[in-house]
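S.K.:
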Amino acid sequence: MELLDPTAELNPEGRLPRARPKSVFGKTVGLLDIAKPKGDIFIDRIEDLLKQKGAKTVRYRKPTFTRVAPIELTQQIAAECDLVLEALAD
Amino acid sequence: MSKYQLFVKESCGTCKLIEPLLPEILNQLDVELVSQDDADFPEGYAVTFDESLERSYRANIEIVPTLIKEHDSGEVSRIYGWDKAAWQEITGLQFTIKLPLFQPGCGSKTLDPGMPEKLAARFEADKLQSRVLEFTADDDIEACFDQGWSDGLPVVPPTKVRLMRMLSGTKRDPQEYIGAVPPDLGRCTIEKIALNAVLAGCKPEYLPVVITAVEAALEDEFCMHGLLATTYFSGPMVIVNGPLARSIGMNAKGNALGQGNRANATIGRALQLVIRNIGGGRPRQVDRSALGNPGKYTFCFAEDEAGSCWQSLAEEKGFAAEDSTVTLFAADGVQGIVDQKSKDPDSLTRSFAAALRVVAHPKLVMSSDAFLVVSPEHERVYREADWSKQDLKDRLAELLMIPGTELVAGAGGITEGLPQTAVDKVLPKFREGGLSVVRAGGAAGLFSAIIAGWAASGPMGSIPVTKKIIV
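Protein sequences appear in the order of chains E and B. If you read the first sequence in the working numbering, its first letter stands for residue 1, the second for the next number, and so on. If you read the second sequence in the working numbering, its first letter stands for residue 1001, the second for the next number, and so on.
In structure tokens:
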């Protein structure tokens, strides 16, 4: 029996996440608010904790939670940060 | 010097009628006889037996007999059936044998039921690009389940023949690129849409509607990625307007929002299967919906324009009455409105407004768009009072201005609500353009319906998209 493949026939390359750093001390951590309600509350608290551990933080915000982050934004975060945290919230 | 090809079949009375003429023609002209069904017909002549029908298919023969005249540069002209004057003209001969002046031909074997798609699968497979998968299992429907192609219900196995039959529903090139389907941004072509239309159970004539629905879903303002990924209930709902909805037999009348009509059921399903199979959008994966809704199997209907006193949804959006369109809306389920007593439009509109107030939450405003589906018996109230659809929308907008005191957090003992800064305002329930009205349903029943939209309706989330259908 022969059938035709109705999918996009994607065959993405598997990539492992980068190794977790042993410490955030001295690292620049991006904090991405996806623009959901109360995301700021969550990120404020995380930012406090990161600063206590000696990390530098940079805040970012998506224009809307309903769409994927613009490529310019993800490139900016990648260029400016060692790590990134994304707040889903609600 | 001209050459001729004469396509015939033994089972055709007209082909047999002209048999006595063949000596006159073959003595004077260079004619190749091509028989579709019998290697020995016409008897006594050198015959090319087109057993595979490849010659007939490639020559696009629709009727037998067909006589094709060729020069070195290719085909010059063709005639079909028997018409003495036309045959004399194309051959340049004067026939001496007595025959009737005219007799229509018979259908070519290439057009027997089920044959065009079989021949297309055999002779035009090079136009297809989808990977061919081989299965050893004996149950093709189970094989489709195993591949993960199903929404939970059985699908029609996508064979090459079924794909070819589906593609006969559009003139568009199978390899035309339509866009990248979220969330995986899978490459979407007409061929891939047609394969999912096969899975869904569509007929070929539904394919243009499905293609247009996919195109609408891929418009940025529809926000298909977010709609798929949301924890909310919503999924794409398809409303079809215009003559095509009627010609393909869509249901706009009794049970329009329910089961039982193949076009309604399979067009909505095909769109969902495109998101699943081409886009990779699956429940409990990137589809994060907390509860979903039954419309995520399929949600598609036509507006009942024929009996309506109102402008159609498509006309409101600037399309002509003869245009056929697809409108996509990020929709939840159906909420009924009962009003069996209102005889005047103001009273009925107040009922609608009271019911619309609770969309998403009675204390939330301008978050969810909505469609109000007005049944014929309710529409009659407006018709008799000479209210246009716009009159109804304008009155609803007035009635759905809500004091902030009722909306702020804590009001009514309910923590959900707007910030206290809204307390002195009067706010509209729906954003401007957020409430749409269509007419559909059976002749009896003083019930209308609200189809609420995604809580992220509007420019920052999803807005309804209307596109003209191209066949």
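Heads up, the beta-carbon is just placed ideally off N, CA and C, and yes, glycines get one too. All of these numbers come straight from a predicted model, not from anything done at the bench.
Is any beta-carbon of chain E found at less than 9 Å from that of F963/B?
M.R.: The structure shown does not extend to residue 963/B, since chain B is modelled only from 1001 to 1471, so the question has no answer here.
S.K.: Along the alpha helix (DSSP H) that carries K1069/B, what are the first and last residues, could you check?
M.R.: Note, K1069/B: premise wrong, no alpha helix (DSSP H); beta strand (DSSP E) at T1066 to H1071.
S.K.: Listed from N- to C-terminal order along the chain, which residues in the stretch 44-77 of chain E have their beta-carbon within a distance smaller than 7 Å of any beta-carbon of chain B?
M.R.: Cβ contacts with chain B come from T64, T66, R67 and V68.
S.K.: Are D1447/B and I1337/B closer than 9 Å when you measure CB to CB?
M.R.: The sequence as given places Phe at residue 1447/B; Asp does not occur at that position. Taking 9 Å as the Cβ cut-off, F1447/B and I1337/B qualify as a contacting pair.
S.K.: State the DSSP-derived secondary structure class of Q1175/B, mapped to helix, strand or coil.
M.R.: Looking at Q1175/B - three-state DSSP - the assignment turns out to be coil, as it is neither helix nor strand.
S.K.: Considering K1389/B, what are the terminal residues of the alpha helix (DSSP H) in which it resides?
M.R.: It spans K1389 to L1399 - the alpha helix (DSSP H) in which K1389/B sits, taken as one unbroken run.
S.K.: Grab the span of the beta strand (DSSP E) containing L4/E for me, first residue to last.
M.R.: Here the beta strand (DSSP E) through L4/E covers E2 to L4.
S.K.: What residue does the beta strand (DSSP E) around K1034/B start on, and which one ends it?
M.R.: Just to set this straight, residue 1034/B is Val in the shown sequence, not Lys. First-last of the beta strand (DSSP E) with V1034/B: D1030 to S1035.
S.K.: What is the residue span of the alpha helix (DSSP H) that K1192/B lies within?
M.R.: Per DSSP, K1192/B belongs to the alpha helix (DSSP H) from I1190 to A1200.
S.K.: Consult DSSP for D1346/B and reduce its assignment to one of helix, strand or coil.
M.R.: Helix.
S.K.: Under three-state DSSP, which class holds W1336/B?
M.R.: This sequence places Gly at residue 1336/B; Trp is not what is there. DSSP places G1336/B in strand when its eight states are reduced to three.
S.K.: Please name the residue, chosen from I1414/B, V1373/B, D1344/B and G1461/B, that lies closest to M1366/B on a Cα-to-Cα basis.
M.R.: Considering only alpha carbons, the answer is G1461/B.
S.K.: Note down, in chain order, each residue of its chain lying with its Cβ closer than 8 Å to the Cβ of A35/E, except the 5 sequence neighbours on either side.
M.R.: Within the same chain, A35/E has close Cβ partners R61, K62, P63, T64 and F65.
S.K.: Would you mind working out which of I1090/B, A1360/B, D1072/B and K1003/B sits nearest G1333/B, comparing C-alpha positions?
M.R.: Comparing Cα positions, the closest option is A1360/B.
S.K.: Mind checking which residues open and close the alpha helix (DSSP H) that includes I1275/B?
M.R.: I1275/B -> alpha helix (DSSP H) spans R1262 to N1277.
S.K.: With DSSP collapsed to three states, give me the class of C1300/B.
M.R.: C1300/B falls in the strand class under three-state DSSP.
S.K.: Helix, strand or coil for V1374/B? Go by DSSP, reduced to three states.
M.R.: Strand at V1374/B.
S.K.: At a CB-CB cut-off below 8 Å, which residues of chain E make contact with S1367/B?
M.R.: Per Cβ cutoff of 8 Å: no residues; S1367/B is ~11 Å from chain E at best.
S.K.: Can you tell me whether Y1382/B is buried or exposed? The criterion is at least 16 other CB atoms within 10 Å of its CB, across all chains shown.
M.R.: Label assigned to Y1382/B: buried.
S.K.: Are the stretch 1201-1218 of chain B and the stretch 1180-1191 of chain B in contact at 8 Å, needing three or more beta carbon pairs?
M.R.: The stretch 1201-1218 of chain B vs the stretch 1180-1191 of chain B: in contact.
S.K.: On the three-pair Cβ rule with 8 Å, is the stretch 1092-1106 of chain B touching the stretch 1056-1064 of chain B?
M.R.: As far as the Cβ criterion goes, the stretch 1092-1106 of chain B touches the stretch 1056-1064 of chain B, which means the pair count is three or higher.
S.K.: Just checking: is the beta-carbon of S1462/B within a distance shorter than 9 Å of some beta-carbon in chain E?
M.R.: Output row for S1462/B: interface = yes.
S.K.: By alpha-carbon positions, which one of V1437/B, S1077/B, L1207/B and A1370/B ends up nearest to E1191/B?
M.R.: Minimum Cα distance to E1191/B is reached at L1207/B.
S.K.: Hey, is K1160/B's beta-carbon within less than 9 Å of any beta-carbon in chain E?
M.R.: Yes, K1160/B lies at the interface with chain E (some Cβ there is under 9 Å from its Cβ).
S.K.: Short of 8 Å in beta carbon distance, which residues of its chain neighbour P1020/B, apart from the five on each side in sequence? Order them along the chain.
M.R.: Hits under 8 Å: I1097 and L1099.
S.K.: Please return the same chain residues whose Cβ sits closer than 8 Å to the Cβ of L1053/B, not counting the five positions on each side in sequence.
M.R.: Counting only Cβ-Cβ distances below 8 Å, and skipping sequence neighbours, we find Q1036, K1109, T1110, M1115 and L1119.
S.K.: By how many angstroms is the C-alpha of D33/E removed from the C-alpha of T1327/B?
M.R.: Using only the alpha carbons, I get a separation of about 33 Å.
S.K.: Determine, using beta-carbon pairs with one atom in the stretch 1299-1308 of chain B and one in the stretch 1246-1258 of chain B, whether at least three such pairs fall under 8 Å.
M.R.: Verdict: yes, contact present.
S.K.: For the stretch 6-26 of chain E, enumerate the residues whose C-beta is nearer than 7 Å to any C-beta of chain B, in chain order.
M.R.: Those residues of the stretch 6-26 of chain E that come within reach of chain B (Cβ to Cβ, closer than 7 Å) are P6, T7, A8, E9 and L10.
S.K.: What is the rounded straight-line gap between the Cα of G39/E and the Cα of R45/E?
M.R.: Rounded to whole angstroms, G39/E to R45/E spans 10 Å at the Cα level.
S.K.: My parser needs the alpha helix (DSSP H) runs of 4 or more residues fully inside the stretch 1099-1168 of chain B; what are they?
M.R.: Here the runs fully enclosed are 1115-1123, 1140-1147 and 1160-1167.
S.K.: Does the stretch 1026-1041 of chain B come into contact with the stretch 1005-1013 of chain B, if we say contact requires no fewer than three beta-carbon pairs (one atom in each stretch) closer than 8 Å?
M.R.: A contact exists between the stretch 1026-1041 of chain B and the stretch 1005-1013 of chain B.
S.K.: Distance cutoff 9 Å, beta carbons only. Does D90/E sit that close to anything in chain B?
M.R.: It does: the Cβ of D90/E has a partner Cβ on chain B nearer than 9 Å.
S.K.: Using the beta-carbon count (16 or more within 10 Å), is E1117/B buried or exposed?
M.R.: Looking at its Cβ environment, which holds 16 or more other Cβ atoms inside 10 Å, E1117/B is buried.
S.K.: Tell me, which residues are paired with D1083/B by DSSP?
M.R.: Beta-bridge pairing links D1083/B to F1102/B.
S.K.: Keeping to the same chain, check which residues put their C-beta closer than 8 Å to that of I1248/B; ignore five residues upstream and five downstream.
M.R.: These residues qualify, in order along the chain: K1203, E1205, Y1206, V1209 and A1263.
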